[in-house]
Each structure stands twice: as structure tokens, then as C-alpha cells.
Amino acid sequence: MTAVPATAITDREWLRDQLRRAAVTHGGGGPVVIGTIWWYSVSAVLVTPALDALVATGLAMDPALEAVTLEVLPDGRVLDARSSRPLGSDVDEIGKALAASLDAGIAAVAAASGAGTRSLCAIATDSIANVLLWAGKAAGDPARGVALAGPVVAAVGDHLPRPRFVEVGGTPVVRRASCCLIYQTGGADKCVSCPRQTPRERAHRLRMTFG
1 MTAVPATAIT
11 DREWLRDQLR
21 RAAVTHGGGG
31 PVVIGTIWWY
41 SVSAVLVTPA
51 LDALVATGLA
61 MDPALEAVTL
71 EVLPDGRVLD
81 ARSSRPLGSD
91 VDEIGKALAA
101 SLDAGIAAVA
111 AASGAGTRSL
121 CAIATDSIAN
131 VLLWAGKAAG
141 DPARGVALAG
151 PVVAAVGDHL
161 PRPRFVEVGG
171 TPVVRRASCC
181 LIYQTGGADK
191 CVSCPRQTPR
201 ERAHRLRMTF
211 G
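Here the sequence shown is numbered in my numbering, starting from 1 and rising by one per residue.
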């Protein structure tokens, strides 16, 4: 595992190399698909240091790219991230800091892969919602994570769709606005919560998973 400054996301050559490695891992699908899959994973890792700390302690860590270090495997997968400095508890300030990092990442991935910015923005919303929900569950208070998602995403900006949740068997689940496109690689099925299913199929698969 290699520690890489998160500013590398905006480095064209580094990002292209990461996407080439991701294409080998996933076995095809074309640049748009690979870029989308990569961002689906990395955006969640990128926002985790800020949002985990916000839920656990009430104080977010700074998600600025220059404050964040990524842990990257040789095959290009980004497994973890950490921030070097605290930010605070003000949701508007947290949203602005997230916006700077996410917008830079979205612009870089769109330029390198051809993926649409609207799709990448939807992925960012779902990443924020999922990370907050996971952090809430880890803290024994999933409702806190759900409650924070709307204000945090709103503070990031109107270019992100609003987060949505549904209750399945008494468990809150993100109602995704985005698709990671992994099913287009030929190596995986659609995710349980994939929005590219009929509502009936998605509801059935969620019930089978969450009860």
C-alpha cells in the first residue's frame, strides 16, 4: 500500500494511470464505465475522514485535497484516506470544503474518462449519504447520519441532487440517484440498490437483502 496525497486526483497522468489499472481490474467496459466505477469508489473514500469524524465527535476533519492522504494498492484501488487537520462543526463550512474537493475530482475524472459531470455529481451525493449512514450505524445512531445528509449535500451546492433514503425492514437504506455502471463490464450484476432497475425489482432485492 502506498500513501498518496489526494491532490494526485487532479494530476492528469496519475489519474490516467489509475484508470488504466482499474480497467485491468474490471476487465473492460470502456473509458466512461471505468471512470464512473473509479469515482464511485474513490468519492466515498475521499469524504470518509470528514464525515466519519463529524458523526462520531461532532467535529469534521478537513476534506481539502491538500489535507487528505489516500492509501492506494498496487492495482490502483484506493482503500482508505486520512486527513491531517480538523475543520469544525459548521455544516456550511464543511459543505464548502467538500465541494472544493469533490468538484475538483469530478472535473478531473470527467476530463480523463468522458464520464458526464451530472452522473459523477449524483455519485458524490450517494457517497455522502452512504458514508453518513455507515457512520451513524457505527455510532449506534443511524438516524443521525440520515439527518445530516440533507444539510451536508445542500451545503455542497445545488449541482448535487438531494440525498434520499428508504426504510427496508426497519433499516434505512440510501435510495441511490447514481449508477456505478459495473454491470457494463460483464463481470458483475447490477447492485442491489441500482437505480437502473424497475422499482419493483429494486424493492424486491432490497427486501431480500435487508429483510
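All C-beta atoms in this analysis are idealised placements derived from N, C-alpha and C, irrespective of residue type, glycine included.
As the structure is a prediction and not an experimental result, all values here were calculated from the model.
- Tell me, please, which residues DSSP counts as bridged to Glu-71. Translated into positions along the sequence shown, residue 71 becomes position 71. DSSP lists Ala-3, Asp-80 as partners of Glu-71.
- Item | Contacting residues, own chain, Cβ-Cβ under 7 Å from Phe-210 (five flanking each side not counted) | Walking along the sequence shown from the start, residue 210 turns up at place 210. Taken in chain order, the residues that qualify are Val-168, Gly-169, Thr-171, Val-173.
- May I ask you to report which of helix, strand or coil DSSP gives Pro-151? For the purposes of this step, residue 151 is taken as residue 151 along the sequence shown, with counting starting at 1. Three-state DSSP puts Pro-151 in a helix.
- Task: Would you check whether the ligand MN has a heavy atom nearer than 6 Å to the C-beta of Glu-167?
- Result: Ligands in the displayed structure: none, and consequently the ligand MN is not present.
- Give the straight-line distance between the Cα atoms of Val-78 and Ala-108, rounded to the nearest whole angstrom. Residue numbering aside, residue 78 sits at position 78 when the sequence shown is read from its first letter. Residue numbering aside, residue 108 sits at position 108 when the sequence shown is read from its first letter. Approximately 16 Å, taken between the alpha carbons.
- Query: Looking only at its own chain, which residues have a Cβ that is under 7 Å from the Cβ of Ser-127, when we skip the five neighbours before and after it?
  - Reply: Translated into the one-based positions of the sequence shown, residue 127 becomes position 127. Cβ within range, chain order: Ser-43, Ala-44, Val-47.
- Task: Output the distance between the C-alpha atoms of Asp-214 and Pro-86, rounded to the nearest integer angstrom.
- Result: Look at the range of the chain in this structure, 1 to 211, and you will see that residue 214 is not part of it.
- Sequence-distant residues of the same chain with beta carbon closer than 6 Å to Thr-58, five excluded per side: Walking along the sequence shown from the start, residue 58 turns up at place 58. The amino acid at residue 58 is misidentified as Thr; the sequence shows Gly. Closer than 6 Å at Cβ, skipping near neighbours: Ser-89.
- Message: Quick check on DSSP: helix, strand or coil for Gly-87?
- Response: Indexing the sequence shown from 1 puts residue 87 at position 87. With the sequence shown as reference, residue 87 is identified as Leu, and Gly is not the correct amino acid for it. In this structure, Leu-87 counts as strand in the three-state DSSP scheme.
- Query: What residues match up with Met-61 in a beta bridge as DSSP calls it?
  - Reply: Here residue 61 refers to the residue found at position 61 when the sequence shown is read from its first residue. As DSSP reads the structure, Met-61 sits in a beta bridge with Pro-86.
- Query: Roughly how many whole angstroms lie between the Cα atoms of Ala-122 and Ala-53?
  - Reply: Reading the sequence shown from its first residue, position 122 is the one you call residue 122. Reading the sequence shown from its first residue, position 53 is the one you call residue 53. Looking at the two C-alpha atoms, the distance is approximately 23 Å.
- Item | Distance, Val-192 Cα to Met-208 Cα | Counting from 1 along the sequence shown, the entry for residue 208 is found at position 208. Counting from 1 along the sequence shown, the entry for residue 192 is found at position 192. Spanning the two alpha carbons is a distance of roughly 9 Å.
- Item | Contained alpha helix (DSSP H) runs [length at least 4] in the segment 126-202, N- to C-terminal order | 142-156
- Query: Taking the alpha-carbon positions, what's the Trp-195 to Arg-205 distance?
  - Reply: For the purposes of this step, residue 195 is taken as the residue at position 195 of the sequence shown. For the purposes of this step, residue 205 is taken as the residue at position 205 of the sequence shown. In the sequence as presented, Trp is not what sits at residue 195; that position holds Pro. Between Pro-195 and Arg-205, the C-alpha separation is close to 12 Å.
- Item | Neighbour-count burial assignment, Gly-24, 16 or more Cβ in a 10 Å radius | The count along the sequence shown starts at 1 and reaches residue 24 at position 24. Correcting the residue identity first, residue 24 is Val in this sequence and not Gly. That one is exposed.
- Task: Could you work out which residue in Asp-92, Gly-29, Ile-37, Asp-80 is closest to Ala-60 when comparing CA atoms only?
- Result: Counting from 1 along the sequence shown, the entry for residue 60 is found at position 60. Comparing Cα positions, the closest option is Asp-92.
- Message: Within 8 Å, do at least three Cβ pairs link the segment 130-150 to the segment 23-37?
- Response: They do not touch, by the three-pair rule.
- Item | Alpha-carbon spacing of Leu-181 relative to Lys-190, whole angstroms | The count along the sequence shown starts at 1 and reaches residue 181 at position 181. The count along the sequence shown starts at 1 and reaches residue 190 at position 190. Distance between the alpha carbons of Leu-181 and Lys-190: 8 Å.
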